[in-house]
Amino acid sequence: MDAKHPQWEKLLRKYNAVFAEACDRILNKSDIFSGLSIENHEQALLNAVYNSVQGWQQQPMDDAPDSPTGDEIIGQIDSPDLAMDFLRYAAEVCDHDLPDIIKIRFSAFGQPLIDRLTAAVMAADFSKTNDQSDETAAEALIIAVYLKLLGDWQVSACVDDILTKFRAAGEPDDLIADAV
Numbered sequence: 031m032d033a034k035h036p037q038w039e040k041l042l043r044k045y046n047a048v049f050a051e052a053c054d055r056i057l058n059k060s061d062i063f064s065g066l067s068i069e070n071h072e073q074a075l076l077n078a079v080y081n082s083v084q085g086w087q088q089q090p091m092d093d094a095p096d097s098p099t100g101d102e103i104i105g106q107i108d109s110p111d112l113a114m115d116f117l118r119y120a121a122e123v124c125d126h127d128l129p130d131i132i133k134i135r136f137s138a139f140g141q142p143l144i145d146r147l148t149a150a151v152m153a154a155d156f157s158k159t160n161d162q163s164d165e166t167a168a169e170a171l172i173i174a175v176y177l178k179l180l181g182d183w184q185v186s187a188c189v190d191d192i193l194t195k196f197r198a199a200g201e202p203d204d205l206i207a208d209a210v
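Counting in the numbering used here, the sequence shown tops out at residue 210, every number present.
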């Protein structure tokens, strides 16, 4: 468990569990993919799962009587700097994309958080490397999460700079390429 922010770990592990349970439940429905071409199956599943997990953060994060809800934990992240710390951590712990509630709540930090995300993205190396260390993979994953978040928020001011950097990378990292 993260020694600095144990509640963050509870929050993200709970989200992973809720997300996985929703996937299993929805996949067991025989009609989820009826009438869809094979190319649309993944998106249909994701849409159904995202709809199914809405509100997960309103529940206590464990069975302890004083267990905080996800909303309470998220509410303690009260600055752009703390949001950046959380996003770095979430990039490594989340099994899938960031929870929608995080994207929505963190958008309230506005330009100060956008500036931090953009600065981190622009300082990163987009190139694929032969160094397959855990640290290199983690950094690529973190930058991919930042890129996706900027895209989800439709931040257009940095698009040209990001695309220029992406093209200059030669052979970009796969995670970063998918996020761009």
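C-beta atoms are modelled at their ideal positions from N, C-alpha and C, and glycine is treated no differently.
Every value quoted in this text rests on a predicted model; they were computed, and no experiment measured them.
Residues bridged to Pro-90 [DSSP beta-bridge criterion]: Counting from one through the sequence shown, the residue named residue 90 turns up at place 60. Partner residues in the beta bridge of Pro-90, as assigned by DSSP, are Thr-99.
Nearest residue (CA-CA) to Ile-134, options Asn-77, Val-79, Gln-84 and Ile-192: On the sequence shown, residue 134 is found 104 positions in, with the first residue counted as 1. Residue Gln-84 is the option with its Cα nearest to Ile-134.
What whole-angstrom Cβ distance do Ile-132 and Ala-121 have, given they're in contact under 8 angstroms? On the sequence shown, residue 132 is found 102 positions in, with the first residue counted as 1. On the sequence shown, residue 121 is found 91 positions in, with the first residue counted as 1. The pair is not a contact, with the Cβ atoms about 11 angstroms apart (cut-off 8 angstroms).
Start-to-end residues for the alpha helix (DSSP H) that takes in Cys-53: Taking the sequence shown and counting its residues from 1, the one referred to as residue 53 is at position 23. Per DSSP, Cys-53 belongs to the alpha helix (DSSP H) from 36–57.
With 16 as the cutoff for other CB atoms within 10 Å, does Ala-209 come out buried or exposed? Position 179 of the sequence shown holds residue 209. Answer is buried; the Cβ neighbour count reaches 16.
Is Gln-89 buried or exposed, if buried means 16 or more other CB atoms sit within 10 Å of its CB? Locating residue 89 in the sequence shown gives position 59, counting from the first residue. It counts as exposed.
Taking DSSP's pairing of strands, which residues face Pro-202 in a bridge? Here residue 202 is taken as the residue at index 172 of the sequence shown, counted from 1. In the DSSP output, where bridge partners are listed per residue, Pro-202 has Ser-157.
Using a 10 Å radius around the Cβ and a threshold of 16 neighbouring Cβ atoms, would you call Gln-141 buried or exposed? In the sequence shown, residue 141 corresponds to position 111, counting from 1. Residue environment for Gln-141: exposed (fewer than 16 other C-beta atoms within 10 angstroms of its C-beta).
By alpha-carbon positions, which one of Asp-96, Val-79 and Ile-107 ends up nearest to Ala-138? Taking the first residue of the sequence shown as position 1, residue 138 is located at position 108. For the residues Asp-96, Val-79 and Ile-107, the minimum Cα distance to Ala-138 belongs to Ile-107.
Counting along the chain, where does the alpha helix (DSSP H) carrying Asn-70 start and finish? One-based indexing of the sequence shown puts residue 70 at position 40. Counting along the chain, Asn-70 falls outside any alpha helix (DSSP H), and DSSP gives it neither H nor E.
Entirely enclosed beta strand (DSSP E) segments - the stretch 118–181, minimum 3 residues: Segments of the beta strand (DSSP E) lying fully in the stretch 118–181: there are none.
Between the C-alpha atoms of Thr-299 and Asp-203, what's the straight-line distance to the nearest angstrom? The structure shown does not extend to residue 299, since the chain is modelled only from 31 to 210, so the question has no answer here.
For Ile-192, collect the residues of the same chain with a Cβ closer than 6 angstroms to its Cβ; drop the 5 residues on either side in sequence, then sort them by chain order. Within the sequence shown, numbered from 1, the residue matching residue 192 stands at position 162. Non-local beta-carbon contacts of Ile-192 in its own chain, meaning distances under 6 angstroms to residues more than five positions away in sequence, are absent.
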